[in-house]
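Before any comments, here is the structure.
There are 2 protein chains.
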Amino acid sequence: MNKAQFIEALAARLGSDKKTATTSLDAVLDEIYAVVVKGEKLTLTGFGAFEKRDRAARIARNPATGASVRVKKTSVPAFRAGAEFKAITSGAKKIAKVPAKKAAPAAKASAAKAPAAKAPVAKAPAKRVSARSVAAKPAPAAKARAAKAPAKKAPVKRAPAKRAG
Amino acid sequence: MNKAQFIEALAARLGSDKKTATTSLDAVLDEIYAVVVKGEKLTLTGFGAFEKRDRAARIARNPATGASVRVKKTSVPAFRAGAEFKAITSGAKKIAKVPAKKAAPAAKASAAKAPAAKAPVAKAPAKRVSARSVAAKPAPAAKARAAKAPAKKAPVKRAPAKRAG
DNA sequence: GACACGTGAACAAGGCTCAGTTCATCGAGG
DNA sequence: CCTCGATGAACTGAGCCTTGTTCACGTGTC
């Protein structure tokens, strides 16, 4: 799907004309640009996070010729998918179908609340409950915890680079 | 920046209220979900492409305990930044500043046309022209071409998998 | 409609990201 | 305001993605 097709689908979703949908999409994309360019991380909970990542200078390779080429240090845009995006992509969670704006608010509210929300939630906590009950039972859990606390305090060369983001 | 802050900025950009901005953003995100879930690749030229990528089953590791864990085959959402997004993130290109909707259309049209568009364009083609003139001159260019043409025709195991997207 | 630019494919090697788990904090939505 | 879920940090090793270049096709904008 390309941008034009996406705008059509978006217009249907918004119940608007294509021009409005275009404006909406462009505004979103441009604002994402603005945030990332500023070096700020944009987290859209569930969907994912856009951020600027720094890349050190290195010697890369032109795969076609095998020639080495020096790549200067630079910054690249990165996106990390959020939990919800991952869940629906993997099929662990379903998205509500929204055809048009008029039906959207009503269908969204009821669909989100009743069926989709309950089914996956029932699945997720079951896993966690079992994990916790297992972890809570034996003594090694306390050991694992103790081992973890000092590890955090240890100086990590990688941590500062990430915290800059 | 989180979602609420983004919505504020978006509202300013759209010249709308926050509710409208919220609707816009949610519509965009939900439509991205819908496309990716369908297994379709969404290409927003310049910004980037969202797609679903398949992951084979593998034995992963819990880094904390070193314990191996079997990860089932699954699908994950992926984003690949487009050329424009890369260019503005690296600083090779500047984005037009858009404060509010009223000023947006006029400022966008003029800003996009006159200063920002011309400066980077002048930079880009210069690079390409030189690359082409170099390539066109020597005989090895023809060889490289000849070698390339058959390579494309050769059956590639990777190509079909990607074309499915 | 026209033009300019973006995208994808192919190549080899190196760098980057992520898998699970736990816990604390934060954010979003009702 | 409250509750629930998302996020991030830390851990190691394996798998994935990207780097440049060229060319042809497709897309988007004016």
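From first to last, the protein sequence lines are chains A and B. One point on numbering: in our numbering, the residue at position 126 of the first sequence is 139, and numbering is uninterrupted. One point on numbering: in our numbering, the residue at position 151 of the second sequence is 164, and numbering is uninterrupted. Where a beta carbon is used, it is the ideal one built from N, C-alpha and C, also for glycine.
Which residues in the same chain have their Cβ closer than 7 Å to the Cβ of B/K85, if we skip the five residues on either side of it in sequence? For the purposes of this step, residue 85 of chain B is taken as residue 72 along the second sequence, with counting starting at 1. Contacts found: A70.
Helix, strand or coil at A/I108 [DSSP, three-state]: Residue numbering aside, residue 108 of chain A sits at position 95 when the first sequence is read from its first letter. DSSP places A/I108 in coil when its eight states are reduced to three.
Assign A/K65 to one of three DSSP states: helix, strand, or coil. Taking the first residue of the first sequence as position 1, residue 65 of chain A is located at position 52. Correct three-state label for A/K65: strand.
Same chain, Cβ closer than 6 Å to A/T87, five either side skipped, listed in chain order: Residue mapping note: residue 87 of chain A aligns to position 74 of the first sequence, counting from 1. Taken in chain order, the residues that qualify are R68.
CB contact below 9 Å: A/A40 versus chain B: Start at 1 with the first residue of the first sequence, and residue 40 of chain A comes out as number 27. Yes, A/A40 lies at the interface with chain B (some Cβ there is under 9 Å from its Cβ).
Residues within the stretch 43-56 of chain A neighbouring chain B, beta-carbon criterion of under 8 Å: D43, E44, I45, Y46, A47, V48, V49, V50, E53, K54, L55, T56
Using alpha carbons as the reference points, say which of A/A96, A/R83, A/V89, A/G52 lies closest to A/G61. For this step, residue 61 of chain A is matched to residue 48 along the first sequence. With distances taken between Cα atoms, A/G61 lies closest to A/A96.
For B/A24, count neighbouring C-beta atoms within 10 Å of its own C-beta (all shown protein chains included) and say buried if the count is 16 or more, exposed if not. Translated into positions along the second sequence, residue 24 of chain B becomes position 11. Classification of B/A24: buried, given that the 10 Å Cβ count is 16 or more.
Using a cut-off of 7 Å between C-beta atoms, extract the partners of B/P90 located in chain A. Position 77 of the second sequence holds residue 90 of chain B. Going along chain A in sequence order, the residues near B/P90 (Cβ under 7 Å) are A94, F98, K99, T102.
Check the Cβ-Cβ distances between A/N15 and every residue of chain B, and say whether any is below 9 Å. Here residue 15 of chain A corresponds to residue number 2 of the first sequence, with the count starting at 1. Chain B, which has a Cβ nearer than 9 Å to the Cβ of A/N15, makes this yes.
Which residues, taken in chain order from the stretch 59-73 of chain A, show a beta carbon closer than 8 Å to some beta carbon of chain B? F60, G61, K65
Is the Cβ-Cβ distance between A/A109 and B/V48 less than 9 Å? Indexing the first sequence from 1 puts residue 109 of chain A at position 96. Indexing the second sequence from 1 puts residue 48 of chain B at position 35. Their beta carbons are not under 9 Å apart, which means A/A109 does not touch B/V48 by this criterion.
The stretch 75-85 of chain A contacting the stretch 40-55 of chain A, beta-carbon criterion three pairs below 8 Å: no
DSSP three-state label for B/F19, please. Working through the second sequence from its first residue, we reach residue 19 of chain B at position 6. In this structure, B/F19 counts as helix in the three-state DSSP scheme.
Could you tell me the alpha carbon to alpha carbon distance between B/K106 and A/L55, rounded to whole angstroms? As a first step, residue 106 of chain B must be located in the second sequence, where it is residue number 93. As a first step, residue 55 of chain A must be located in the first sequence, where it is residue number 42. Cα-Cα distance, rounded: 20 Å.
Can you check whether the CB of A/A94 is closer than 9 Å to the CB of B/V50? As a position in the second sequence, residue 50 of chain B is number 37, starting the count at 1. As a position in the first sequence, residue 94 of chain A is number 81, starting the count at 1. It is not a contact, given that the beta carbons lie outside the stated cut-off.
Identify the residues that DSSP records as bridge partners of A/V48: which are they? Working through the first sequence from its first residue, we reach residue 48 of chain A at position 35. Per DSSP, none; premise fails for A/V48.
Which residues of chain A have a Cβ atom closer than 8 Å to the Cβ of B/A80, listed in chain order? To locate residue 80 of chain B, count along the second sequence from 1; it is residue 67. Going along chain A, no residue has its Cβ under 8 Å from B/A80, so there is no contact; the nearest lies around 12 Å.
Of the listed residues B/K99, B/N15, B/F19, B/A73, nearest to A/A65 (C-alpha basis): Residue numbering aside, residue 65 of chain A sits at position 52 when the first sequence is read from its first letter. Before going on, a small fix: residue 65 of chain A reads as Lys here, not Ala. For A/K65, the nearest C-alpha among the options comes from B/K99.
Could you give the DSSP three-state label for A/A94: helix, strand or coil? For the purposes of this step, residue 94 of chain A is identified with residue 81 of the first sequence, where counting begins at 1. Here A/A94 sits in strand by DSSP.
Who pairs with B/I101 in a beta bridge, going by DSSP? Here residue 101 of chain B refers to the residue found at position 88 when the second sequence is read from its first residue. DSSP output for B/I101 lists no bridge partner at all.
Note down the Cα distance separating B/G104 from A/A73, rounded to an integer number of angstroms. Within the second sequence, residue 104 of chain B is the residue found at index 91, counting from 1. Within the first sequence, residue 73 of chain A is the residue found at index 60, counting from 1. Distance between the alpha carbons of B/G104 and A/A73: 20 Å.
Which chain A residues sit within Cβ distance under 9 Å of B/T35? Numbered from its first residue, the second sequence carries residue 35 of chain B at position 22. Simply none; closest approach about 11 Å.
Return the CA-CA distance between A/D30 and B/T78, expressed in angstroms with no decimal places. Working through the first sequence from its first residue, we reach residue 30 of chain A at position 17. Working through the second sequence from its first residue, we reach residue 78 of chain B at position 65. Straight-line Cα distance between these residues: approximately 54 Å.
Start and end of the beta strand (DSSP E) containing A/S81? Within the first sequence, numbered from 1, the residue matching residue 81 of chain A stands at position 68. Taken as a continuous stretch (DSSP letters only), the beta strand (DSSP E) holding A/S81 covers 81-84.
The beta strand (DSSP E) that contains B/A70, what's its start and end? In the second sequence, residue 70 of chain B corresponds to position 57, counting from 1. Premise fails: B/A70 is in no beta strand (DSSP E) and is neither H nor E.
Against A/R26, what residues of chain B qualify as contacts under a CB-to-CB distance less than 8 Å, listed in chain order? To locate residue 26 of chain A, count along the first sequence from 1; it is residue 13. Near A/R26 (Cβ distances below 8 Å), the residues of chain B are A40, D43, E44.
Cutoff 8 Å; reference A/A17; Cβ partners in own chain excluding five residues on either side: Counted from its first residue, the first sequence places residue 17 of chain A at position 4. The answer is none, since no qualifying residue turns up.
Own chain partners of B/G59 with C-beta closer than 8 Å, once the 5 adjacent residues on each side are dropped: In the second sequence, counting from the first residue as 1, residue 59 of chain B sits at position 46. Closer than 8 Å at the Cβ level, and outside the excluded window around B/G59, lie G95, A96, E97, F98.
For A/T87, name the three-state secondary structure that DSSP assigns. In the first sequence, the residue the question calls residue 87 of chain A occupies position 74. In this structure, A/T87 counts as strand in the three-state DSSP scheme.
List the whole-angstrom C-beta distance separating B/F92 from A/L57, where the pair is believed to meet the contact cut-off of C-beta under 8 Å. As a first step, residue 92 of chain B is located in the second sequence; it is residue number 79 there, counting from the start. As a first step, residue 57 of chain A is located in the first sequence; it is residue number 44 there, counting from the start. Actually they do not touch by this definition, with Cβ atoms about 12 Å apart.
With C-beta atoms as the reference, is B/L38 less than 9 Å away from A/T36? In the second sequence, the residue the question calls residue 38 of chain B occupies position 25. In the first sequence, the residue the question calls residue 36 of chain A occupies position 23. No, these two residues do not count as a Cβ contact at 9 Å.
Going along the chain, which residues of its own chain have a beta-carbon closer than 7 Å to the beta-carbon of B/N75, five neighbours each way excluded? The residue you call residue 75 of chain B lines up with position 62 of the second sequence. Closer than 7 Å at Cβ, skipping near neighbours: V82.
When the Cα atoms are used, what is the spatial distance from A/E53 to B/E53? Working through the first sequence from its first residue, we reach residue 53 of chain A at position 40. Working through the second sequence from its first residue, we reach residue 53 of chain B at position 40. Computed Cα separation, rounded: 30 Å.
Nearest candidate by alpha-carbon position, reference B/T102, set A/F63, A/T33, A/M14, A/K32: Counted from its first residue, the second sequence places residue 102 of chain B at position 89. Out of A/F63, A/T33, A/M14, A/K32, A/F63 has the C-alpha closest to the C-alpha of B/T102.
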